[in-house]
Amino acid sequence: MRVRTVMRRGWKVFFWPLACLFQLGLIVGTLALGSRWMSPPTPSETPVPPREASPLAADWKKECPEPEMVRAARGELDDVDRLLRASRYELALVLCRSFSERAVAELRYAFQYRLGLCLEGLGHWDEALSVYRQLASHAPSMRTAALAALGQARVWLRMRRPTESKALLCDLLRRSALPALRSQPFLADARYFLALAAPLELLPNEPPGPLNSAPVCPRASDWSLDRALDWDRPGRQPTPEPLNGQEVVEVQPGGDGLVRIYAAQIAAQSSLPSLLDRLAEQAHLRIEWSAAARRQVEERSLIVALEGASLSETLRLLVEPLGLIWILADGKLTLRSEEEIAPAELEARRLADARRSLREALRAYPRHPLTPAAYLELGNLEALTGRLDEALAWYGRLTQEWPRSPLTVEAYYNLGLLRWRQGDRAAARQAFYHVVDRAPAHELAPLAYWRIGRMHLEEGEVEQALSPLRRAVHNGPGSSAQAAAVLSVAAAHLLTDNPRAANAILWEHRELVSRDSYRHVAAFLDTLARFRAITDRRRRQREAADLLAALLTVQEDPLLGPEGLALMGQAYRELGMQEQMVRFYQKALKQLRGPLAATLTLELAEEHWAADKLEAALPLYQKLIAGGPSKEGKRARLRLAEIALVEKKPQDCLKFCRELLQEKAGVETPAVLRLMAQAYEQKGEHEKAIRCLSGQLP
4 MRVRTVMRRG WKVFFWPLAC LFQLGLIVGT LALGSRWMSP PTPSETPVPP
54 REASPLAADW KKECPEPEMV RAARGELDDV DRLLRASRYE LALVLCRSFS
104 ERAVAELRYA FQYRLGLCLE GLGHWDEALS VYRQLASHAP SMRTAALAAL
154 GQARVWLRMR RPTESKALLC DLLRRSALPA LRSQPFLADA RYFLALAAPL
204 ELLPNEPPGP LNSAPVCPRA SDWSLDRALD WDRPGRQPTP EPLNGQEVVE
254 VQPGGDGLVR IYAAQIAAQS SLPSLLDRLA EQAHLRIEWS AAARRQVEER
304 SLIVALEGAS LSETLRLLVE PLGLIWILAD GKLTLRSEEE IAPAELEARR
354 LADARRSLRE ALRAYPRHPL TPAAYLELGN LEALTGRLDE ALAWYGRLTQ
404 EWPRSPLTVE AYYNLGLLRW RQGDRAAARQ AFYHVVDRAP AHELAPLAYW
454 RIGRMHLEEG EVEQALSPLR RAVHNGPGSS AQAAAVLSVA AAHLLTDNPR
504 AANAILWEHR ELVSRDSYRH VAAFLDTLAR FRAITDRRRR QREAADLLAA
554 LLTVQEDPLL GPEGLALMGQ AYRELGMQEQ MVRFYQKALK QLRGPLAATL
604 TLELAEEHWA ADKLEAALPL YQKLIAGGPS KEGKRARLRL AEIALVEKKP
654 QDCLKFCREL LQEKAGVETP AVLRLMAQAY EQKGEHEKAI RCLSGQLP
């Protein structure tokens, strides 16, 4: 009985799953039969007999790679381009090296060109030059060889080697009218590179920093490689024109004359001097050679194909790479060797040529991506010669015409430097604030903050200086401005009579300020802070010796600035060395403005008065009075009243006293009334003197 019950229960457990499976099978079968009945009948496929292999096709397969390999290589080339545009040069370098040797001829040169770009992007200058040089030597296309030469010139510029770069660029531009190079987009970049190479020989090569007040130059390392990739896009190569040996030298009439030259290899049969002679003849110029210049170019050979170039540009491309100087004046073309020109005249000519080359590039290609760099360099060249207004105009054009260019940061920084040099501190601060507002993470931002704080210190606004100086400290790790900002903050604390805060910030950044460039200034500020913080007389005497040693060590370090000179003068005064105090105060007052300058002027005048040097003290007192209402001005009036009383000039004394009483605020009325009483007594007006002594105005 129990067995039957178990069997019955087992049957009930498996019945419904089996029924569901049966129904699912029916549905699937029905759908399959319906789809078979509804689909149209397919025709029977007839077998195609295999074709016999053609011997020509077999030969073609031996010479050419499989299409799948070509497509794979082109896909890898596209991957390399994407990595280069994303600045992932390491990964692109791996792909280029793996495909540059086993790709077909056309793609192999494309991979080699990108290999040079990868190395250039990584900063491996020597390896990049080697790759570009090899490509220029073996590329079958003149266009590819020109791209490789332009890559070499660009690397030389990044290395700040303008001479090597100019030689390659001049050779490329001399052949710009050849059919394979005519109207190529990279010729515009070559023109700009040649123009930007000239300032590198003239402008100082110093990074921006606290001790460098020269305008900032555009950095060649910031140039993007995207345009260099765009140049290598495949396109139809022009059919080269046959060189039949015929030479064409034409000069169109006009202001500078447009030159058209098409010449074959200029060798012994047709030397470069003869070409220049014919060029001068076509331009209706008399030509004059020096013996050294003619000897220098007699055996040189060039390939020249120019069209639509100005006469000055043509002469620059032909003779300057060979070490010659050309002078065009009064209908005469004079050619000299560089060794025959005085150094000062040679530098002046190079400066003029650099300006002219940059302006010609701007006229030829006014909206080129390198136009902002040309604007910046033109401003720097004008600033180098002291033409600050012209330099400011070029920087202003950059910020107005190219507001989105990264070089606007450098332009605003240079604007701030030149405005500060002109004495317009408000405009300088505004320009520096543009730097930090546009690019707070830029390397110039901490320097801009530091210069803003320094200008506040120079104007005597010590409290306002602390905020930008602290920003320079906090935002400038790794920057040269950070240590300078720490020293400036310590100096500001000392000027506000807070020596403990000065000592604290120097101690916090002791590793930074203990470097060679900042060690002596930091030691002076730290010793002065400890000297002022000590109240014990014996310890103060011991610190006085250390302070004097620090003063003798620091001398007139440019990092101190005028506020540092003021602190040195104060330190000498506290040590009782009045003559040294006067010397440093006088130096500091040449640059200081505002309340701090007024304080130093009063202290200096008081020192002269105490030393019975009235002829030196009086102009200082009068300067304080002319500066407007101030605490120092009131002290100066009171002292002038005392001097007038001593010199038996009671009327002048009473005049100064009345002016003091009119100001009311901050005036010691009892002291003024006592002086007035003495002045009235000198005049014999005793009743008025008595009223003054009783505290009443007469």
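Here the working numbering is used: the first residue of the sequence shown is 4, the next is one more, and so on. Cβ coordinates follow ideal geometry from the N, Cα and C atoms, glycine included. Just so it is clear, the structure is predicted and the values come from calculations on it, not from any experiment.
Item	Value
Distance CB(A495)-CB(Y521) smaller than 7 Å	no
Residues near A504 by beta carbon distance below 7 Å, same chain, minus five either side	H496
Segment limits, beta strand (DSSP E) that includes S340	335-340
Coarse secondary structure for L578, derived from DSSP in three states	coil
Nearest to A295 (by Cα), restricted to the options R289, R91, R339	R339
Cutoff 8 Å; reference E123; Cβ partners in own chain excluding five residues on either side	A131, G154, R157, V158, R161, L228
Per-residue burial, D616 [other beta carbons within 10 Å of its own, 16 or more giving buried]	Position check: residue 616 holds Lys in this sequence, whereas Asp was assumed. By the 10 Å Cβ count, K616 comes out exposed.
Secondary structure of Y417, DSSP reduced to three states	Here residue 417 is Asn; the residue named in the question, Tyr, does not match the sequence. Correct three-state label for N417: helix.
Residue nearest to G481 in terms of C-alpha spacing, selected from P449, W453, Q403, V465	P449
W226, DSSP secondary structure in three states	coil
Uninterrupted alpha helix (DSSP H) stretches inside the segment 81-125 (no shorter than 4 residues)	92-102, 108-125
Residue from T538, A601, V675 with nearest C-alpha to G630	A601
Check whether G572 and F587 have beta carbons under 7 Å apart	yes
Close Cβ partners of M458 (< 7 Å) along its chain, the five nearest in sequence each way excluded	W423, R428, A431, R432
Residue of L663, T374, F102, L421 minimising C-alpha distance to A386	L421
Residue interval of the alpha helix (DSSP H) (run including E606)	597-613
Backbone CA spacing between N208 and R222 [nearest angstrom]	11 Å
Inter-residue Cα distance where the pair is H689 and E650	20 Å
Nearest-angstrom beta carbon gap, A569 and A536 [assumed within contact, 8 Å]	Not quite, the Cβ-Cβ distance comes to about 19 Å (not below 8 Å), so this is no contact.
A312 - DSSP class collapsed to helix/strand/coil	strand
Extent of the continuous alpha helix (DSSP H) run through A191	189-203
P622 burial status per 10 Å Cβ neighbour count (16 or more: buried)	exposed
Residue environment, K335, which counts as buried when at least 16 other CB atoms sit within 10 Å	exposed
Contact check, A553 vs F527, beta carbons under 7 Å	yes
Start and end residues, beta strand (DSSP E) containing A332	327-332
Ordered list of beta strand (DSSP E) runs contained in the segment 334-403, each at least 3 residues	335-340
Through-space distance from V585 to L607, alpha-carbon basis	6 Å
Cβ neighbour criterion (16 or more within 10 Å) applied to Q299	buried
Same chain, Cβ closer than 6 Å to E635, five either side skipped, listed in chain order	A601, L605, L627
Assigned exposure category for I269 - 16 Cβ within 10 Å defines buried	Because I269 carries a pLDDT of 39, less than 50, the predicted location of this residue cannot be relied on, and the following value inherits that uncertainty. Label assigned to I269: buried.
Cross-strand partners of G212 (DSSP beta bridge)	N215
Beta carbon of P202 nearer than 7 Å to that of E380	yes
At least 3 beta-carbon pairs within less than 8 Å: the segment 356-374 vs the segment 174-187	no
Simplified DSSP assignment, three categories, for I290	strand
CB-CB length for D235 against A113, believed under 8 Å	6 Å
Counted within 10 angstroms of its Cβ, other Cβ atoms place E187 as buried (16 or more) or exposed	The sequence shown places Gln at residue 187, not Glu. Buried.
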